[in-house]
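The sequence shown runs -30 to -1, 1 to 141 under mature numbering (1 follows the signal peptide of the UniProt record, and there is no 0).
Virtual Cβ for every residue (Gly too), placed ideally from N, Cα, C.
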Amino acid sequence: MRGCKTVLIMRVSALCLMMNLLATVGFSAGNTERCVASIGGFCPPTWSPWGDKCYKVTKSQTLAWQEAKEACLALGGAMVVPCSDEETMFLETLQSQTWIGCNDLQTEGTWVCREGATYVAYRNWDKREPNNVKGLEHCAVIKKCGRWTDVPCDEQYPAVCTRPTQHKLHM
């Protein structure tokens, strides 16, 4: 997708260059503005932008982990998996405690995060976590301090859903 975006920017830039060149030699077709083009990302209404992603909290409802995952899918996104301290800090501005898209439901101790990926470069487990208390903790939440902990999947938390920004051409 990035390759297509680059080609589009190059083509639009070339078009603007030609329009600006024509304007400098006196052909403006009645328009005296210079051509400036860019492609920017935007989020649907009720979604919050950060970086190249959009975020939405299921604030009006708390859900079990599987229900939260399904709610995010229904919104056209996925349950968030933070990738950095900065993203975690942003998530805390949206919701202080929330489900994240990580679980060890298939194999205890093997945390699967987001769409089957078994490795997450960024991890922010709290001290002595994950600990699977009483053998019942298989889903992950971000606690108020931004650290991750494992909890039973049937506990109720809001979810933060994420999706990529949509691209819009500005001329």
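message: Suppose the cutoff is 7 Å on Cβ atoms and the five residues either side in sequence are ignored; what does the same chain contact list for G79 look like?
response: Same-chain partners within the cutoff: there are none.
**Item:** Continuous beta strand (DSSP E) assignments of at least 3 residues falling wholly in the region 89 to 128
**Value:** You should have 109 to 112 and 118 to 121.
For this session: Output the residue ranges of the beta strand (DSSP E) runs that lie fully inside the region 16 to 89 and measure 3 residues or longer, sorted by chain position.
Result: Listed in chain order, the complete beta strand (DSSP E) runs (minimum 3 residues) inside the region 16 to 89 are 18 to 20, 23 to 27 and 68 to 73.
- Query: Can you tell me the Cα-Cα spacing of W17 and V130, whole angstroms?
  - Reply: C-alpha of W17 to C-alpha of V130: approximately 10 Å in a straight line.
For P14, three-class secondary structure by DSSP
P14: coil per DSSP, three-state reduction.
TODO: Spell out the partners DSSP gives T132 in its beta bridges.
DONE: Looking at the DSSP assignment, T132 forms a beta bridge with Y25 and A48.
Within a Cβ cutoff of 6 Å, which residues of the same chain sit near E125, ignoring the five residues on either side of it in sequence?
Once the five neighbours on either side are set aside, E125 has no close Cβ partner at all.
Original post:
Measuring CB to CB, does L64 end up less than 9 Å from R133?
Top reply: No. Outside cutoff.
- My guess is that V111 and Y127 are in contact by the Cβ rule of under 8 Å, so how many angstroms apart are they, rounded? That belief holds up - the Cβ atoms of V111 and Y127 are roughly 6 Å apart, short of 8 Å.
Close-in-space but distant-in-sequence residues of the same chain around V82 (CB under 8 Å, 5 per side omitted): Excluding the 5 residues flanking it on each side, V82 has same chain C-beta neighbours closer than 8 Å at C72, N73, D74, L75, Q76 and T88, in chain order.
*Using a Cβ-Cβ cut-off of 7 Å (strictly less than) and excluding sequence neighbours within five positions of N102, which residues of its own chain qualify?*
Correct list, in chain order: E78 and D120.
Q.
Given this structure, state the Cα-to-Cα distance separating P100 from W20, to the nearest angstrom.
A. In a straight line, the C-alpha of P100 is about 28 Å away from that of W20.
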